[in-house]
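First comes the structure, then the notes that go with it.
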Amino acid sequence: MSQLLTSAPASGGLPAPVPTSPVRLTINGQTQTLQLAPWTSLLDALREYAHLTGTKKGCDHGQCGACTVLVNGRRINSCLTLAVMHEDDDITTIEGLGTPDNLSPLQQAFVDHDAFQCGYCTPGQICSAQGLLNEGRAHSEAEIKELMSGNLCRCGAYVGILDAVKEVVDSEGRQEK
Amino acid sequence: MYPFTYSRATDVADAVRDKAGHDGSAYVGGGTNLIDLMKMNVEQPAHLVNVAKLPLSKIEDLPNGGLRLGATATNSDTAWNEQVKARYPVLNQAILAGASPQLRNAATNGGNLMQRTRCYYFYDIATPCNKREPGSGCSAIGGFNRVCGILGTSEACIATHPSDMCVALAALAPTVRVSGPHGERSIAFEDFHRLPGDQPELDNTLTEGELITSLDLPEKGFAKHFAYLKLRDRHSYAFALVSVAVGLEMDGDTITEARLALGGVAHKPWRDQSAEQLLKGQPATAETFGRVAAHVVANAVGRGSNDFKIELARRAIVRALKQAAEGQQVAGDVYLGGQ
Ligand SMILES: Cc1cc2nc3c(=O)[nH]c(=O)nc-3n(C[C@H](O)[C@H](O)[C@H](O)COP(=O)(O)OP(=O)(O)OC[C@H]3O[C@@H](n4cnc5c(N)ncnc54)[C@H](O)[C@@H]3O)c2cc1C
Ligand code: SF4
Ligand code: FES
Ligand code: FES
């Protein structure tokens, strides 16, 4: 087995096995060790190795926000970071925010406000909105729009998305008072 | 991507040693520019030294009244820092005008200074580009150059430095502290980035293996009269076509000191000290602003699809100076300017 982990050229025309190493990731509260190459993005690690396919790959270049996840509570693009850079970090994906039987307030608001059409951008939108709530810096519609601008929606569901996020921002604001 | 090796540095000395020990290696901060370039095969380091978790993330007062911004502090933490908001609002607004919340959360201050141009041809390895492959030619001259520069360009390269943060820094004039195989040194911000000349492959004056450790801001922050105006193809999440950072000190209606820097127009954040001299002692009037703006773009050269930037820059300078003189802009958690 250990031979498989070397990068020596393979004989018989087979591609050389890639050099992987164990990487310890804590995803949605569960720590797991994945066998990963250094060049595996966090996004690919989540989707292809941890089999959490809720997080989506849109552009793979930081330009769309579909891959947004929370790392230690802060939203980042998982396509522009390497999995190996996140040992000891706490990673939360859409699967960790709520379940179909127990939706998070944001997930429920997205349903209530028809905040999606195809749904491809939605996990990124919701993780980003959760990051926005954690930051606590957006209050008005103009502020929410600006601080949600890292998430594009090709279906143009922006009106519903804004309504959904605004509703949760407002209700959290009320609870704090 | 392609195969490479990886390590995480524990302290500055370890990072510098690790980098020196690996040919063709690179530091990685947030990765938001480097990993993108690696995916496009524009850059292919054989080894990455992760510096994001080095203990350089503090933002702290300096004994001379200035403020030290750690190189690995994120762009978000820097923009939202209470000291930055209160004392250097132009920096707060410039950072928040750039990229997206997700990107700013990952991006580090060191990485922001070191980010590379967004010239289309630099990213497209199928085309000639002197910056990517010295001597191959410049596809942007005579090609699509809407995003390219109008000031300080050369016949070898007309690329721009794309950062917003660095435009505010150019106006604030910090020093960049670096640590390398030959020890530590400080570089004036003005001397950090360079013009393309006949070596466009060099974006800045760092030497091999040097690591940025902090940005040291001087005391003067122009907190009362400042502006960061960013003009782009859409209101958010787009690079600047032209941006302007202004800092003024006023005595009544008279400008007693001025800082003026432009983004999106040159290979480096474009501070114009001769324009600053022209502003000094002058009344804050439309006439003054118009004269100074005309002076800044007097030697600008368009290359076809970016000709519009000359007029855009001229008008943006007038507007930013007016905003700064009137004290219109305030620090905040969001950038809502330029709309
Ligand atoms: C879609 C998109 C939109 C964007 N829009 C904007 C925008 O509007 N305005 C704007 O200003 N920026 C924008 N950016 C760029 C973003 O600000 C930069 O990618 C970011 O600041 C780079 O920081 P980083 O830590 O991620 O750098 P990395 O990608 O980690 O590194 C970039 C470079 O810096 C070097 N480096 C990193 N740290 C150090 C150090 N301490 N010392 C020496 N070298 C170091 C690396 O070796 C590498 O060469 C955008 C990026 C994307 C992907
Ligand atoms: S402008 Fe500079 S970066 Fe763009 S193609 Fe020419 S040489 Fe390359
Ligand atoms: S997939 Fe990461 S930003 Fe588009
Ligand atoms: S719902 Fe289709 S991309 Fe947003």
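One line per chain: the protein sequences are W and H, in this order. Counted the way this note's numbering counts, the first sequence spans residues 979 to 1155. Counted the way this note's numbering counts, the second sequence spans residues 5 to 343. Virtual Cβ for every residue (Gly too), placed ideally from N, Cα, C.
1. In angstroms with no decimal places, state the Cα-to-Cα distance between H/THR164 and H/ALA270.
2. Would the beta-carbon of W/GLY1032 be found less than 7 Å away from any heavy atom of ligand 6?
3. Using a Cβ-Cβ cutoff of 8 Å, what residues of the segment 1013-1027 of chain W are near chain H? List them in chain order.
4. What are the start and end residues of each continuous alpha helix (DSSP H) run of 4 or more residues lying completely inside the segment 126-212 of chain H, in chain order?
5. Relative to the C-alpha of H/SER426, which candidate in H/VAL55, H/GLY35 and H/ASP276 has its C-alpha closest?
6. With a CB to CB cut of under 6 Å and the five nearest residues on each side skipped, what residues in its chain are close to H/ARG238?
7. For the segment 60-131 of chain H, which segments carrying the beta strand (DSSP E) assignment without a break, of at least 3 residues, lie completely within its bounds, in sequence order?
8. State the DSSP-derived secondary structure class of W/THR1071, mapped to helix, strand or coil.
9. If you draw a straight line from the alpha carbon of W/SER999 to that of W/THR1077, how long is it in whole angstroms?
10. Note the first and the last residue of the continuous beta strand (DSSP E) segment covering H/GLY251.
11. Report the option in H/GLN327, H/ASP311 and H/VAL305 whose CA atom is closest to the CA atom of H/ALA288.
12. Can you find the residues in the same chain that come closer than 8 Å, C-beta to C-beta, to W/ASN1050, ignoring five residues on each side of it along the sequence?
13. Is the beta carbon of H/LEU95 closer than 8 Å to that of H/GLY74?
14. Quick one: list the residues of chain B neighbouring H/ASP337, beta-carbon separation under 7 Å, in chain order.
15. Once DSSP output is grouped into helix, strand and coil, what is the label at H/HIS51?
16. Less than 8 Å separating the beta-carbons of W/ASP1141 and W/HIS1091?
17. I want to see whether chain W comes within less than 8 Å of H/ALA107, judged by CB atoms only; does it?
18. Is it buried or exposed for H/VAL151, if we count other Cβ within 10 angstroms and need 16 for buried?
19. Whole beta strand (DSSP E) runs in the segment 305-332 of chain H with 3 or more residues, listed along the chain?
20. Cβ atoms of W/LEU1020 and W/CYS1105: under 8 Å apart, would you say?
21. What is the DSSP secondary structure of H/SER240, counted as helix, strand or coil?
22. Does DSSP classify W/THR1011 as helix, strand or coil?
23. Which one of W/THR1011, W/THR1031 and W/LEU1125 has the shortest CA to CA distance from W/PRO1101?
24. According to DSSP, is H/ALA335 part of a helix, a strand, or is it coil?
Reading from the atomic positions:
1. One C-alpha to the other measures close to 5 Å.
2. Absent from the structure shown: ligand 6. Ligands present: ligand 1, ligand 2, ligand 3 and ligand 4.
3. Under the 8 Å Cβ criterion, the segment 1013-1027 of chain W contributes ALA1015, PRO1016, TRP1017 and SER1019.
4. Listed in chain order, the complete alpha helix (DSSP H) runs (minimum 4 residues) inside the segment 126-212 of chain H are 169-176.
5. Given a span of 5 to 343 for chain H in the structure shown, any question on residue 426 of chain H remains unanswerable.
6. Nothing meets the Cβ criterion.
7. Whole beta strand (DSSP E) segments, 3+ residues: 63-65 and 71-74.
8. Coil, per DSSP.
9. One C-alpha to the other measures close to 32 Å.
10. Element bounds for H/GLY251: 246-255.
11. Checking every option, the nearest Cα to that of H/ALA288 belongs to H/GLN327.
12. Same-chain partners within the cutoff: ASP1067 and ASP1068.
13. For H/GLY74 and H/LEU95, no; Cβs fall outside 8 Å.
14. No chain B is part of this structure, whose protein chains are labelled W and H.
15. Here H/HIS51 sits in strand by DSSP.
16. In this structure, the beta-carbon distance from W/ASP1141 to W/HIS1091 falls below 8 Å.
17. Position check: residue 107 of chain H holds Leu in this sequence, whereas Ala was assumed. At least one chain W Cβ lies under 8 Å of H/LEU107.
18. Buried, since its Cβ has 16 or more Cβ neighbours within 10 Å.
19. For the segment 305-332 of chain H, not a single whole beta strand (DSSP E) run of length 3 or above is found.
20. Remark: C-beta atoms of W/CYS1105 and W/LEU1020 do not approach each other more closely than 8 Å.
21. Looking at H/SER240 - three-state DSSP - the assignment turns out to be coil, as it is neither helix nor strand.
22. If DSSP states are grouped into helix, strand and coil, W/THR1011 belongs with the strands.
23. Looking at the Cα atoms, W/THR1031 is the closest of the given residues.
24. In the structure shown, H/ALA335 sits in coil (DSSP, three-state: anything other than H, G, I, E or B).
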